[in-house]
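Asks:
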Amino acid sequence: MSLQRPNGNSSSSSSPKKHKTEESDEEELLMALDMEAAGSTGVLSSNADDGVNKPEIDQTQNVTSTAKRGRRRDPVDKEYRRHKRLLRNRVSAQEARERKKVYVSDMESRANELQNNNDELGEKISTLMNENTMLRKMLINTRPKADDSH
Numbered sequence: 001m002s003l004q005r006p007n008g009n010s011s012s013s014s015s016p017k018k019h020k021t022e023e024s025d026e027e028e029l030l031m032a033l034d035m036e037a038a039g040s041t042g043v044l045s046s047n048a049d050d051g052v053n054k055p056e057i058d059q060t061q062n063v064t065s066t067a068k069r070g071r072r073r074d075p076v077d078k079e080y081r082r083h084k085r086l087l088r089n090r091v092s093a094q095e096a097r098e099r100k101k102v103y104v105s106d107m108e109s110r111a112n113e114l115q116n117n118n119d120e121l122g123e124k125i126s127t128l129m130n131e132n133t134m135l136r137k138m139l140i141n142t143r144p145k146a147d148d149s150h
């Protein structure tokens, strides 16, 4: 499934890396959208808190109930949520990459330690085998021969 972007391009996966200026532009857009959303809900709640006009309270309850029933989302709100989700995903992906780097680094250092340990043990085995062979030869040479006693 491909997604249609506002510029007309379609994509089936995430967009390529963006420059820092584009990221800051996105953050500014999200902050502006947050402020707009906070301003609109602030107006509704301040009218509801007045308690002077009962019909306004009913209207806010109706707006809330239609939101619960699943009214269609505003395209701006939909785009805002999409950008917010993309930013969260980008941050999450970056954190996952960092965790992976740490994990791979730890595994590489552990592999090096185990390889060094393995090399040392291999040398020790070789030394002990040589020593064992030498001691066997010494044992054979020091035994009294049965033919010498006759």
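Residue numbering for the sequence shown follows UniProt numbering, starting at 1 and increasing by one per position.
Just so it is clear, CB atoms sit at the ideal spot from N, CA and C, and this is done for glycine as well.
Give the straight-line distance between the Cα atoms of I125 and N117, rounded to the nearest whole angstrom.
Replies: Distance between the alpha carbons of I125 and N117: 12 angstroms.
Asks: Identify whether R143 lies in helix, strand or coil by the three-state DSSP scheme.
Replies: R143: coil per DSSP, three-state reduction.
Asks: Within 10 angstroms of its Cβ, does Y80 collect 16 or more other Cβ (buried), or is it exposed?
Replies: Label assigned to Y80: buried.
Asks: Tell me the rounded alpha-carbon separation between K145 and L114.
Replies: Each residue's Cα considered, the two are about 48 angstroms apart.
Asks: Rounded to whole angstroms, what's the CA-CA distance from T133 to R110? Just pull it up for me.
Replies: Rounded to the nearest angstrom, the two C-alpha atoms are 34 angstroms apart.
Asks: Report the rounded CA-to-CA distance for T142 versus S105, giving the unit in angstroms.
Replies: The alpha-carbon atoms of T142 and S105 are separated by roughly 55 angstroms.
Asks: Look up T133 in the DSSP assignment and say whether it is helix, strand or coil.
Replies: Here T133 sits in helix by DSSP.
Asks: Under a three-way DSSP split, which group does D106 fall into?
Replies: Correct three-state label for D106: helix.
Asks: So what does DSSP say about D77, is it helix, strand or coil?
Replies: Helix, per DSSP.
Asks: How many Å lie between L128 and R136 at the Cα?
Replies: If I take the Cα positions, the gap works out to 12 angstroms.
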